[in-house]
Each structure stands twice: as structure tokens, then as C-alpha cells.
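A short worksheet on the structure shown next.
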Amino acid sequence: MKKVMALTGAVLMAALALTGCNNKNKAASGQKLITVGYAQVGAESDWRLANTESFKSTFTPGNGYKLIFDDAQQKQENQIKAIRSFIQQDVDYIVVAPVVETGWETVLGEAKAAGIPVILSDRQMKVSDDSLYLCWVGGNFVKEGRDAVTWLEAYLESQGRSKDTINIIDLQGTIGASAQIGRTQGLDEGLEAHPNWKLLAKQTGEFTQAKGQEVMESLLKQYDNIDVVYAENDNMAWGAIDAIKAAGKVPGKDIIVICFDAVKESFNRMLNSEEINCAVECNPLHGPRVDEIIKILEKGGTVDKIQYVDEKVFDVNGIGGAIKAKDALLSRKY
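Numbering-wise (my numbering), the sequence shown opens with residue -15 and increments by one.
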């Protein structure tokens, strides 16, 4: 019998605890593994690859799990098909990193009717009934955007440019994705708070390096006065850097480059060539946290609805409270 999402009532708690113990014992003896279906967005970025590897290395037979992994290739309809396939396969838990926030009510209702808890990873969903999913694990995307704005304020102050007109390009992620919504909101708040900051354009680069480069090439032809590129993930920033170089400008100097995710390659670009000025962390290592949640549930416990992962800000010189990239590089796992 499946674990149900509403973990209330003494009888139900006892039954869940018993089920959890049985599953744990069976997993240890090799008789039965806990089956987890994971519907991943795709493989659009280095961050996403690290996120996938975190799940694959955590949900192994040695840890008591059978993982059924599905790559949606950036399409919501593929994720919905994957979730329905997981339901048909009678999995114990479903984990979803949703492509976009809306359009999930029906399929989540089907999972709820089947008694299968759904855990959201990375991106969020907007649903009329939040009991359709158990909990969400991920980064605080609005805070990430606000942290980037705080860094930019401090950096401009250090450069004597706090009162200058600052022209900004926003390379947005996939429109409708939680990360895009939150990071865009953070910048919008910064623009409202600083009348001398001007948004020249905002356009999606779909979280990919190729699209980021394509969009930036087009914008550089339209505007010759860009001061800041606010790229809503690392890969788009790398594409933008290639476009900036091709246009005869120096990224990190002629144009300030801010990005999100903070994978190792962005650290290299901060330290070796100073092409990136600031990288705001979005921690992709969600596998262990989801493992902890499932173990709590298997023992009959409850978990908080929202669970943020720890995230920091990095740059070269430690401006505005940022951590110096050279001090953190060796400890990076992604």
C-alpha cells in the first residue's frame, strides 16, 4: 500500500512507521528497494547536470533505492507523461523538477489519488491545492536576485559609479520557471529602488549557452551603452561573454557580468580571466536532502513544506560581503 501524503492521525502514523521499518529492512536485505521516479527538466546547463548526478549518486541500490529517471528535454508534456508512467509503475515517491510553474493540477491529482507523495525539487509549482505535493526543496530564487542587486550596489559604490546611469540587460531564463521568476523579481526590485539604473532590454536565453550568446549578439547590435549583463544562469553568461568578446568589448571590465548557479567554470572565469564579476550560488545538490525527507517519512515523521538549501555570493575581491572565489574553489563539488 502506498504512503499517503497527509501524514495525520495516530493510526495512520503507526501504519506509516511500520511500513517504513519494513521497507528499510527489506532494502537492507535486498528484498525490496524504495522506488523513486524522478522527472528532471533536462540537461540544459552545467547546474542541471550536477543536480542530476546528485540524485543518481544518492538514490542507488546500495542506499536502499531504485531510481527511475526521466529527462523531459525541456518539455512539460514529457514530464506529465513521465509522472503518469511513474504512477502506472506503482513507485513509492515521485520527485519533479518542473519545467514551468503552472499546468500540473490534473496529473498531481492523479498521483494523490494513487497515494504517491510528490516532492518538488529546484523549481516550484503554482497549484490551487498545495496538498497536491508534499514539499519543495530548492534555492530561494527571489533572495538570489536580491543578493545580486546588493552586490551590484556595493560594486558600483567601490568604483565611484553609484550615482551614474547604469544600463542593464536581463538575460532571463525559461519564462515561467521559478528561477526565472524569482531572479527577475530581484532585479526588478533593484531597478525600482535605483532610478539611475535603466533596463535596456530583457529577453530569454532559455538557460542555455547557445541561446544566451545568440540573444546577446542581437542586443549588442541594438545597444552600444550596456553597463551590466544580468544573466539568470551561468551558461547564458558564458554565451554572453563570447558575444561581448566578438563585439570587441572586454567582459568583466567594459561590461559587468553577473550570473547565477556558481559552478566551477564560473569560478575559473572569475579567477583566471576576470570575465565574470559576480556569481550567485544556486546549490544543485538536492539528492541528499530529498533522501533525508524520504527517510523521515519512512519512519512516520513529517517534514516542512518549504526547505531552502544554503546559498552564497562569490566574486574576486569579496565586495559587499561576497566570498572570495579563490577561497571557495577547492571545496566546490560542482
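Heads up, the beta-carbon is just placed ideally off N, CA and C, and yes, glycines get one too.
Residues of its chain near residue i, where Cβ-Cβ distance is below 6 angstroms and the 5 sequence neighbours each way are ignored
i, result
"LEU175", "TRP181 and LEU183"
"ALA132", "ILE242 and VAL264"
"MET215", "The amino acid at residue 215 is misidentified as Met; the sequence shows Ala. Same-chain partners within the cutoff: LEU155, ALA221, ALA224 and CYS243."
"ASP30", "VAL247"
"ALA34", "PRO268 and TYR318"
"ILE228", "PRO235 and ILE239"
Best match in the options for proximity to residue i [C-alpha to C-alpha]
i, options, result
"ARG107", "PRO101, TRP222 and ALA81", "ALA81"
"GLY160", "MET220, GLU190 and GLY122", "GLU190"
"GLY46", "TYR22, LYS16, ARG68 and PHE251", "LYS16"
"PHE298", "VAL274, LYS283, VAL247 and GLY285", "VAL247"
"GLY305", "VAL264, ASP245 and ILE103", "VAL264"
"GLN63", "GLN72, TRP88, ILE240 and LYS50", "TRP88"
"VAL241", "GLY99, GLU258, ARG32 and GLU173", "GLU258"
"GLU137", "LYS127, ILE150, PHE125 and VAL126", "ILE150"
"ILE153", "ASN35, GLY271 and GLN187", "GLN187"
"LYS40", "ASN301, GLU249 and HIS270", "HIS270"
"PHE244", "ALA98, SER69, GLY166 and GLU37", "GLY166"
"SER105", "LEU51, VAL25 and GLU141", "VAL25"
"ALA185", "LYS317, ALA163 and ASP211", "ASP211"
"ILE307", "PHE251, LYS195 and THR286", "PHE251"
"ILE303", "TYR49, SER142 and LEU204", "SER142"
"ALA407", "ALA163, GLU61, THR134 and SER162", "No statement about residue 407 is possible, as the shown extent of the chain runs from -15 to 318 and does not include it."
"VAL75", "VAL83, LYS59, LYS50 and GLU85", "LYS50"
"GLY123", "GLU85, SER162, ILE100 and GLY99", "SER162"
Environment of residue i [buried if 16+ CB atoms lie within 10 Å]
i, result
"TYR77", "buried"
"GLY232", "exposed"
"PRO179", "exposed"
"LEU118", "buried"
"LEU281", "buried"
"ASN209", "exposed"
"GLN206", "exposed"
"VAL217", "Per the sequence shown, the amino acid found at residue 217 is Asn instead of Val. By the neighbour-count rule (16 or more Cβ atoms within 10 Å), ASN217 is buried."
"ASN267", "buried"
"GLN193", "buried"
"VAL234", "exposed"
"ASP311", "exposed"
"THR44", "exposed"
"THR158", "buried"
"THR36", "buried"
"LYS289", "exposed"
"ASP275", "buried"
"ASN219", "buried"
"LYS195", "buried"
"ALA309", "buried"
"GLU28", "buried"
"ALA97", "exposed"
"THR42", "buried"
"ALA11", "Here ALA11 scores only 45 on pLDDT, less than 50, and its place in the model should not be relied on; the value that follows carries that caveat. Classification of ALA11: buried, given that the 10 Å Cβ count is 16 or more."
Per DSSP, the bridge partner or partners of residue i
i, result
"VAL320", "One cannot answer for residue 320 here, as it falls past the ends of the chain, which runs -15 to 318."
"SER202", "Note: SER202 sits in no beta bridge, so no partner."
"THR19", "LYS50"
"SER105", "VAL121"
"ASP55", "GLN24"
"TYR318", "Bridge partners of TYR318: none, in fact."
"PRO235", "ILE239"
Neighbourhood of residue i by C-beta distance below 7 angstroms, restricted to the same chain and skipping five residues each side
i, result
"ARG273", "VAL121, GLN291 and VAL293"
"GLY144", "none"
"VAL199", "LEU155, GLN187 and GLY189"
"LEU92", "VAL102, VAL111, LEU116 and TYR117"
"ASN7", "Summary for ASN7: the model assigns pLDDT 43, below 50, so the residue's position carries little reliability, and this model does not support an answer."
"MET226", "What sits at residue 226 in the sequence shown is Asp, not Met. Only GLN197 meet the Cβ criterion."
"SER202", "none"
"VAL126", "GLY166, GLN169 and GLY170"
"ALA95", "ILE67, ILE71, ILE78 and VAL102"
"GLU128", "GLY166, ARG167, GLY170, PHE244, VAL264, CYS266 and GLU295"
Chain B within 9 angstroms of residue i, Cβ atoms only
i, result
"THR86", "No chain B appears in the structure shown, which is made up of a single protein chain."
Residues near residue i in its chain [Cβ-Cβ closer than 8 angstroms; skip 5 each side]
i, result
"ALA66", "GLY21, ALA23, ASP54 and ALA56"
"LYS147", "ASN180"
"ASN261", "TYR139, GLY236, ILE240, VAL241, ILE242, MET254, ASP299 and VAL300"
"ARG130", "GLY170, GLU173 and GLY174"
"GLN60", "PRO82, VAL83, VAL84 and GLY87"
In chain order, each beta strand (DSSP E) run of at least 3 residues that lies wholly inside the stretch 237 to 307: 240 to 245, 262 to 265, 290 to 292 and 297 to 299
Runs of beta strand (DSSP E) lying entirely within the stretch 161 to 193, each at least 3 residues, in chain order: 181 to 188
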